[in-house]
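Numbering (our numbering), first residue to last: 3 to 645.
Now the structure itself:
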C-alpha cells in the first residue's frame with residue numbers, strides 16, 4: 003500500500019533554492035534512508051513530508067487514514083509528568099477502557115441491577131466484546147511495553163517520579179522517540195534518531211526497528227545503523243532526489259557504478275562529436291565530400307548531447323601530520339581515579355598503556371566516564387589519584403566534542419590565524435578552503451556556524467598543530483557521511499598515535515586497532531576492531547554460560563573475571579537470571595491457564611440456566627473477578643522480572 007508520495011517538490015528560502023525536484027514514494031513496511039551532504043535539505047524535506055513546513059510547488063499526498071509520527075533533531079518535550087507518566091499518555095484510550103471494564107465487573111457482581119435476563123445477556127455480550135478489544139490492543143501488556151522502552155532507551159536507572167522537564171535536551175529527544183515507538187504510527191519519520199545514544203542503546207534500537215510494524219523514513223549519519231535497517235536509499239544532491247535499492251553500502255557501490263557508466267557514455271559521445279566536427283570542418287568545402295559532410299552535420303544536429311555526469315559535491319580535503327616522532331611508549335596509566343572532586347569520583351582503578359602507532363577506541367555506556375577520562379589524560383581535568391605518564395617527545399592534540407576551544411566572537415579566519423600568527427593569510431585561507439570554508443565564509447562569526455561547520459573548523463586547528471598523539475572525543479558528531487570518510491582516511495594515514503571516543507561503530511571498525519571498554523569496575527582490553535570486540539564479548543558470555551551449566555567446566559577463560567570473587571559474583575548473577583527466566587515461564591503458563599478459566603466463566607455467564615439463577619451467576623462472576631485479579635498480579639510480577 004502506498005502511504006506517501008511526493009512529486010516534483012520544491013522549496014526555497016528567500017533567493018536560496020533548497021529543493022527543486024524531489025520525488026519520493028513510501029510503501030507499507032518499507033525501510034528508507036534519506037542521505038546527502040549537510041545543508042542539502044534533508045531535514046527541510048522531512049519537515050515538509052511531516053506537514054511541519056509548507057512547500058513551494060509540486061504535489062504531496064498522504065494516503066487516507068495513514069498515521070504519521072515525526073521525530074526532529076533536538077525535539078523539545080515539555081511536561082511536568084514523570085517519565086513513566088508521559089509514556090502512559092499514549093494509552094489513554096486503553097486506560098479509559100480498563101476503567102469501564104472494572105465498573106462493569108462491579109455491576110455484574112449483582113445481577114439484581116438488571117431488569118431482565120435479556121438486558122443482562124446484552125450487558126455480558128458488550129462486556130465480552132470490550133474485554134476482547136482491550137486484550138487485542140495490549141491491555142495486559144502496556145505496562146510491560148512502557149518499561150521495556152524506558153529500559154531499552156537507557157532510562158531504567160532514573161527515579162520513577164523524575165519529571166520530564168528535569169531531562170537534558172538530548173534525553174528529551176530520546177524520550178519522545180520512545181513515545182513514538184509506543185504509538186506505532188504507520189509511517190515513522192526519524193531525523194538523526196541515533197544522536198545521544200551509546201552503543202548498547204543503539205544496538206537495542208536497531209533490534210526494535212527491525213521488527214517495527216510500520217514504515218520507516220530515516221536520516222542518519224550512522225552507517226552501521228543504516229546498513230542494518232534500511233532497504234532503500236534516496237539521495238538528495240543539488241536539490242534533486244535519486245533512488246537506490248539496497249542498504250547504505252549497496253547504495254555507495256551502485257552510485258559509484260552509475261557514475262562510472264555515465265562517465266564512459268559521456269566520454270564516448272564526446273569523442274564521437276569531436277570526430278564528426280573534425281570531419282565536417284575538413285570536408286564541407288570539398289565538392290567530392292561535401293554531401294557526406296552535410297550528412298554528418300545533420301547527424302550532429304539531431305544528436306541528443308549528454309550532460310557531463312555530476313561528480314560528488316565538494317568534499318573536505320585534509321591529512322594529519324606530525325612535527326616530530328614520539329618514543330615507543332606513548333601513554334602509561336596506573337590505578338587512575340577520575341572525576342571532578344574527590345567526593346565525586348566517576349571511575350577508579352583504571353590501568354592501561356598505549357604504544358606508538360596504535361589507534362585505540364574507548365567505548366562503554368553513557369555516564370561511565372569516557373569523556374572525563376580523556377579530558378584527564380589531555381590535562382583538561384586534574385586526576386584524583388593514580389599516575390598518568392606520557393612518553394618521550396609526546397605532544398597531545400585534543401579534539402573536544404563540544405568545540406569549547408572555539409571562540410564564538412571571532413571570525414572563522416581569525417579563529418585559525420590567531421593561533422598560528424606566523425602563517426600567511428593566503429595559507430590560512432587555503433587550509434580553510436580545504437575544510438569547505440570558501441570566499442566570504444571565512445568572515446563568518448564562529449557563533450553563526452552550524453554544528454558540522456564548527457566540527458570542521460576544530461579539525462582544521464587540530465591539523466595545523468601537527469601533534470603526534472591525537473585524543474579525540476566523538477570526532478564524527480555533526481559530520482556528514484562524506485566528511486566522516488575523509489576523516490577516517492586522514493586518521494588511517496596518520497603517522498602518530500590515536501585515542502578516541504566514538505559511538506560510531508563503522509568508524510571504530512575502520513580506525514581501531516584496539517578497543518578499551520570502560521566499565522564501573524575498571525577497564526577491559528580487546529586487541530582488535532569493533533567486530534572483534536563484539537565477537538569476543540559474545541564468546542566470553544558463552545563461556546560463562548557453559549561454566550554455569552557445568553557442561554564444559556574446562557572452557558572457562560580465566561581473564562574473563564578479575565579474580566575468583568568477581569567470577570563468583572558473575573556466576574551468582576547468571577544463576578539469578580536463569581531463576582528469573584524459569585519464573586517468567588511459570589507465570590506465562592499460569593496466565594494462559596487463568597485466561598482459559600476467564601473465557602470459561604464468561605461463556606457460562608451467557609448460559610440461560612446460569613444467568614437466570616442469581617446466586618449461581620454471582621458465584622461465577624466473583625470467580626471471574628478473582629481470576630482477572632490474579633492475572634493482573636501475575637502481569638505485574640512478569641513486568642518486574644523483565645526489567
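Don't be surprised by glycine CBs; every beta carbon is placed ideally from N, CA and C.
Spanning the alpha carbons of residue 467 and residue 383 requires a straight line of approximately 21 angstroms. Separation of residue 174 and residue 343 (C-alpha to C-alpha, rounded to the nearest whole angstrom) is 28 angstroms. In this structure, 102 is the residue among 307, 102, 483, 145 with its C-alpha nearest to the C-alpha of residue 130. Linking residue 37 to residue 449 through their CA atoms gives a straight-line distance of about 26 angstroms.
Per the Cβ contact rule, the stretch 206-222 is not in contact with the stretch 374-390 (fewer than 3 Cβ pairs under 8 angstroms). In this chain, residue 141 is not harboured by any alpha helix (DSSP H), its DSSP state being neither H nor E. Residue burial annotation: residue 169 is buried, with at least 16 other C-beta atoms found within 10 angstroms of its C-beta. Residue 276 has no beta-bridge partner at all, per DSSP. Contact between residue 238 and residue 51 fails: their C-beta atoms lie close to 12 angstroms from each other, not under 8 angstroms. No Cβ-Cβ contact shorter than 8 angstroms links residue 612 with residue 601.
In the three-state DSSP reduction, residue 251 falls in the helix class (H, G or I). Between residue 136 and residue 183, the C-beta gap is not smaller than 8 angstroms, which leaves the two residues out of contact.
Cβ atoms of residue 55 and residue 69 stay farther apart than 8 angstroms, at about 20 angstroms.
DSSP, read as helix, strand or coil, puts residue 436 in helix. For residue 241, no alpha helix (DSSP H) encloses it, and the DSSP letter there is neither H nor E.
Counting the other Cβ atoms within 10 Å of the Cβ of residue 63 gives fewer than 16, which makes it exposed.
With a 10 Å radius around the Cβ and a threshold of 16 neighbouring Cβ atoms, residue 426 comes out exposed. In the DSSP assignment, residue 13 falls within the unbroken beta strand (DSSP E) covering 4-15. If you draw a straight line from the Cα of residue 204 to the Cα of residue 615, it comes to about 59 angstroms. Distances from the alpha-carbon of residue 322 to those of 610, 489, 253 put 489 closest. Nearest neighbour of residue 306 by Cα position, chosen from 271, 80, 282, 326, turns out to be 271. The Cβ neighbour count for residue 480, taken over all protein chains shown within 10 Å, is at least 16; the residue is labelled buried. Judged by DSSP in its simplified three-state form, residue 125 adopts helix.
The C-beta of residue 507 has 16 or more other C-beta atoms within 10 Å across all chains shown, which makes the residue buried. In the DSSP assignment, residue 21 falls within the unbroken beta strand (DSSP E) covering 18-29. Look at residue 89 here: in three-state DSSP terms it is helix. DSSP places residue 391 within a strand segment (E or B) once states are collapsed to three. A distance below 8 angstroms separates the beta carbons of residue 399 and residue 472.
Contact check for residue 520 against residue 375 passes: the beta carbons are separated by less than 8 angstroms. Boundaries cannot be given for residue 312, as no alpha helix (DSSP H) includes it and DSSP labels it neither H nor E. Apart from the 5 residues on each side of it in sequence, residue 537 has no Cβ closer than 6 angstroms to any other Cβ in its chain. In this structure, DSSP gives residue 593 a helical state, which the three-state scheme calls helix.
Residue burial annotation: residue 623 is buried, with at least 16 other C-beta atoms found within 10 angstroms of its C-beta.
C-alpha of residue 223 to C-alpha of residue 194: approximately 7 angstroms in a straight line.
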